[in-house]
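Q:
Protein chains: 2
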Amino acid sequence: MNKLCISLASGLLGLSVLTAANAAGPKPEDTAEYRQSVFTIIGWNFKPIGAMVKGEVPFDAAAVARHAQYIEMMSKALLEGFSKGSGPDAVKHTEAKPEIWTNWDQFNSKLNNFEQEATKLAEVAKGGDEGAIKAQFGKTAETCKACHKEFRTD
Amino acid sequence: MNKLCISLASGLLGLSVLTAANAAGPKPEDTAEYRQSVFTIIGWNFKPIGAMVKGEVPFDAAAVARHAQYIEMMSKALLEGFSKGSGPDAVKHTEAKPEIWTNWDQFNSKLNNFEQEATKLAEVAKGGDEGAIKAQFGKTAETCKACHKEFRTD
Numbered sequence: 071m072n073k074l075c076i077s078l079a080s081g082l083l084g085l086s087v088l089t090a091a092n093a094a095g096p097k098p099e100d101t102a103e104y105r106q107s108v109f110t111i112i113g114w115n116f117k118p119i120g121a122m123v124k125g126e127v128p129f130d131a132a133a134v135a136r137h138a139q140y141i142e143m144m145s146k147a148l149l150e151g152f153s154k155g156s157g158p159d160a161v162k163h164t165e166a167k168p169e170i171w172t173n174w175d176q177f178n179s180k181l182n183n184f185e186q187e188a189t190k191l192a193e194v195a196k197g198g199d200e201g202a203i204k205a206q207f208g209k210t211a212e213t214c215k216a217c218h219k220e221f222r223t224d
Numbered sequence: 071m072n073k074l075c076i077s078l079a080s081g082l083l084g085l086s087v088l089t090a091a092n093a094a095g096p097k098p099e100d101t102a103e104y105r106q107s108v109f110t111i112i113g114w115n116f117k118p119i120g121a122m123v124k125g126e127v128p129f130d131a132a133a134v135a136r137h138a139q140y141i142e143m144m145s146k147a148l149l150e151g152f153s154k155g156s157g158p159d160a161v162k163h164t165e166a167k168p169e170i171w172t173n174w175d176q177f178n179s180k181l182n183n184f185e186q187e188a189t190k191l192a193e194v195a196k197g198g199d200e201g202a203i204k205a206q207f208g209k210t211a212e213t214c215k216a217c218h219k220e221f222r223t224d
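Below, the structure written as structure tokens:
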């Protein structure tokens, strides 16, 4: 191989490494920030429904439907925020316990429960039935708690 | 008014103040955290489309459609993250300039532009036409830049 070929080959190798790095996806810190953002938006939309359920503010069916739609969307956005290698070993500020990755099937099942109940909440919310919404809100909140209890540090 | 009445009246007044506080909505810090989370999720979904547009990773129409749907949803979630009183006067860590609230109509118009282009991006993405997606992605990114230039600190 002459010098030009070596240079070209190194160049191509460099390029492919760079492409692989890009294709490899986000850094652990970015993944953690992403999942924390998803949780923030879930909480932001959960809170006003909770206030209505408790009777602290007047019931507003249209507002509930909108908030529930965001909770559903966010429930489906969570999984990609828990990619392998984004746990407390790699990330400074995270409440995610290492058990998420060591007991992945159990965690994933709890995440699915949340997604299912959040999807039902969005469906029920479209109907506007206050009693049904209250009941389904309770079920959805239970799936949050069930997962936090085992997989989130206090 | 006898003592019992005064006590009852104060109690009710206290309750109504409490309810008003709850009804008044989130604290400025929470609002800022919310909007920053919305931007994080927009960025998270923008990046992989950008990588495809640049040819860094293979084009994946289904992935683009999913990401674009999230960008659209988040574009519609931004406005409530800029409520009055959640600017740098009230919040420690924010890149939001005070001009957002002093030039509200202009800011709101730029936010609307982003929402419109993001909605179009989600529509175009459903079609799966790579060229159309690239063009619409560029237009959407322009509306981001236009707003950041005037209303975000560097």
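In order, the protein sequence lines correspond to chains L and X.
According to the numbering used here, the first sequence is numbered sequentially starting from 71.
According to the numbering used here, the second sequence is numbered sequentially starting from 71.
Glycine included, each C-beta is placed from N, C-alpha and C at the ideal position.
(1) In three-state DSSP terms, what is A131 of chain L?
(2) Provide the residue span of the alpha helix (DSSP H) that contains N115 of chain X, from first to last.
(3) Under the three-state reduction of DSSP, which class applies to A147 of chain L: helix, strand or coil?
(4) Taking 8 Å as the threshold (C-beta atoms), are F184 of chain X and C214 of chain X in contact?
(5) Does the beta-carbon distance from A131 of chain X to G198 of chain X come in below 8 Å?
(6) According to the Cβ coordinates, are T210 of chain L and L181 of chain L closer than 8 Å?
(7) Using a Cβ-Cβ cut-off of 8 Å, state whether M143 of chain L counts as contacting chain X.
(8) Name the chain X residues that come within less than 8 Å of S153 of chain L, Cβ to Cβ?
(9) State the Cα-Cα distance for the pair K167 of chain L and M144 of chain L, rounded to the nearest angstrom.
(10) Express the C-alpha separation of A188 of chain X and K146 of chain X in angstroms, rounding to a whole number.
(11) State the beta-bridge partners of R222 of chain X as determined by DSSP.
(12) Can you give the Cα-Cα distance for G120 of chain X and R136 of chain X, rounded to whole angstroms?
(13) When burial is assigned at 16 or more other CB atoms within 10 Å of the CB, is D179 of chain X buried or exposed?
(14) Would you mind telling me which residues of chain X sit closer than 7 Å to T110 of chain L, beta carbon to beta carbon, in chain order?
(15) Considering only the beta carbon of each residue, do L148 of chain L and V108 of chain L sit closer than 8 Å?
(16) For F207 of chain X, which of X:C217, X:K219, X:E193, X:T101 has the nearest alpha-carbon?
(17) Got a sec: which bits of the segment 173–207 of chain X sit with their beta carbon under 9 Å from any beta carbon on chain L, in order along the chain?
(18) Against W114 of chain X, what residues of chain L qualify as contacts under a CB-to-CB distance less than 7 Å, listed in chain order?
(19) Step through the CB atoms of chain X and report whether any lies within less than 8 Å of the CB of A132 of chain L.
(20) A138 of chain L CB to nearest chain X CB: under 8 Å?
(21) Beta-carbon within less than 6 Å of T164 of chain L's beta-carbon, same chain only, minus the 5 sequence neighbours each way: which residues are those?
(22) Between which two residues does the alpha helix (DSSP H) containing N182 of chain L stretch?
A: Based on what the coordinates show:
(1) Residue numbering aside, residue 131 of chain L sits at position 61 when the first sequence is read from its first letter. Note: A131 of chain L maps to helix in three-state DSSP.
(2) The sequence position of residue 115 of chain X within the second sequence is 45, counting from 1. Where N115 of chain X is concerned, the enclosing alpha helix (DSSP H) stretches over 98–123.
(3) Working through the first sequence from its first residue, we reach residue 147 of chain L at position 77. Here A147 of chain L sits in coil by DSSP.
(4) Walking along the second sequence from the start, residue 214 of chain X turns up at place 144. Walking along the second sequence from the start, residue 184 of chain X turns up at place 114. Yes, these two residues count as a Cβ contact at 8 Å.
(5) The sequence position of residue 131 of chain X within the second sequence is 61, counting from 1. The sequence position of residue 198 of chain X within the second sequence is 128, counting from 1. For the 8 Å CB-CB criterion, A131 of chain X and G198 of chain X form a contact.
(6) Taking the first residue of the first sequence as 1, we reach residue 210 of chain L at position 140. Taking the first residue of the first sequence as 1, we reach residue 181 of chain L at position 111. Cβ distance not < 8 Å, so T210 of chain L and L181 of chain L don't count as in contact.
(7) As a first step, residue 143 of chain L must be located in the first sequence, where it is residue number 73. Yes, M143 of chain L counts as interfacial toward chain X.
(8) Taking the first sequence and counting its residues from 1, the one referred to as residue 153 of chain L is at position 83. Listed along chain X, no residue sits closer than 8 Å to S153 of chain L by beta-carbon distance, the nearest being about 12 Å off.
(9) The residue you call residue 167 of chain L lines up with position 97 of the first sequence. The residue you call residue 144 of chain L lines up with position 74 of the first sequence. Looking at the two C-alpha atoms, the distance is approximately 20 Å.
(10) Residue numbering aside, residue 146 of chain X sits at position 76 when the second sequence is read from its first letter. Residue numbering aside, residue 188 of chain X sits at position 118 when the second sequence is read from its first letter. Whole-angstrom Cα-Cα distance: 9 Å.
(11) Position 152 of the second sequence, counted from the start, is the residue given in the question as residue 222 of chain X. Its beta-bridge partners are X:A166.
(12) Numbered from its first residue, the second sequence carries residue 120 of chain X at position 50. Numbered from its first residue, the second sequence carries residue 136 of chain X at position 66. Here the alpha carbon of G120 of chain X sits roughly 14 Å from the alpha carbon of R136 of chain X.
(13) Locating residue 179 of chain X in the second sequence gives position 109, where the first residue counts as 1. Looking at the sequence itself, residue 179 of chain X is Ser, so the reference to Asp does not match. Under this definition S179 of chain X is an exposed residue.
(14) Your numbering for residue 110 of chain L matches position 40 in the first sequence. Within 7 Å Cβ-Cβ: E103, Y104, S107.
(15) Stepping through the first sequence from its first residue, residue 148 of chain L is reached at position 78. Stepping through the first sequence from its first residue, residue 108 of chain L is reached at position 38. Cβ atoms of L148 of chain L and V108 of chain L: closer than 8 Å.
(16) Stepping through the second sequence from its first residue, residue 207 of chain X is reached at position 137. Among X:C217, X:K219, X:E193, X:T101, the Cα nearest to that of F207 of chain X is on X:E193.
(17) The segment 173–207 of chain X vs chain L, Cβ under 9 Å: nothing.
(18) Position 44 of the second sequence, counted from the first residue, corresponds to residue 114 of chain X. Ordered by position in chain L, the residues that pass the 7 Å Cβ test against W114 of chain X are Y104.
(19) Against the first sequence, residue 132 of chain L aligns to sequence position 62. For A132 of chain L, not one C-beta of chain X is nearer than 8 Å to its own C-beta.
(20) Here residue 138 of chain L refers to the residue found at position 68 when the first sequence is read from its first residue. By the rule that beta-carbons nearer than 8 Å mark a contact, A138 of chain L does not touch chain X.
(21) Here the question's residue 164 of chain L lines up with position 94 in the first sequence. The residues are A102, P158.
(22) On the first sequence, position 112 is the one that residue 182 of chain L refers to. Counted as a single uninterrupted DSSP element, the alpha helix (DSSP H) harbouring N182 of chain L occupies residues 174–197.
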